[in-house]
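Enquirer: Here you go, one structure.
Residue numbers (the working numbering): 1043 to 1180.
Next comes the structure, spelled out in structure tokens:
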């Protein structure tokens, strides 16, 4: 006849030593891998942000470069060279007569503070028309 099946159960207790040892080693390794992956992800994000900022700066520098090149081209024209010579360098063409504008007495007095008092007093007491007369006719 059929013999009865005997099932042998092991007592429930702590897991075997090999399983405990594997868990003790695997958990810290998994945590380290998780932290390292997170740090790399953060570093990658920051590098992408820096790259985007540098790309934007590159675009703005290219626009500025194009603008400066256009200014150089404009400054090389004859009219621009003449304007710079007249306005910034104070040069005149041969045959031109320079006109020097003299400010009012207050401006003249403040501009000549380093000058002796007698000369400043003489400039302040003369009327403007007399200053012009002296300038043109000596």
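We put the beta carbon where it would ideally sit given N, CA and C, even for glycine.
In whole angstroms, what separates the C-alpha of residue 1157 from that of residue 1113?
Expert: For residue 1157, the predicted structure reports a pLDDT of 49, less than 50, and the residue's modelled location is therefore unreliable. The matter cannot be settled from this model.
Enquirer: Whole angstroms are fine: how far does the CA of residue 1140 sit from the CA of residue 1146?
Expert: Roughly 19 angstroms between the two C-alpha positions.
Enquirer: Given this structure, state the Cα-to-Cα distance separating residue 1090 from residue 1081, to the nearest angstrom.
Expert: Whole-angstrom Cα-Cα distance: 14 angstroms.
Enquirer: Taking only three categories from DSSP, how would you classify residue 1086?
Expert: Of the three classes helix, strand and coil, the one that applies to residue 1086 here is helix, per DSSP.
Enquirer: Can you give me the C-alpha to C-alpha distance between residue 1107 and residue 1116, rounded to a whole angstrom?
Expert: Computed Cα separation, rounded: 14 angstroms.
Enquirer: Residue 1133 and residue 1125: beta carbons closer than 8 angstroms?
Expert: No. Outside cutoff.
Enquirer: Please state if the CB of residue 1144 and the CB of residue 1173 are separated by a distance shorter than 8 angstroms.
Expert: Yes, they are a contact pair.
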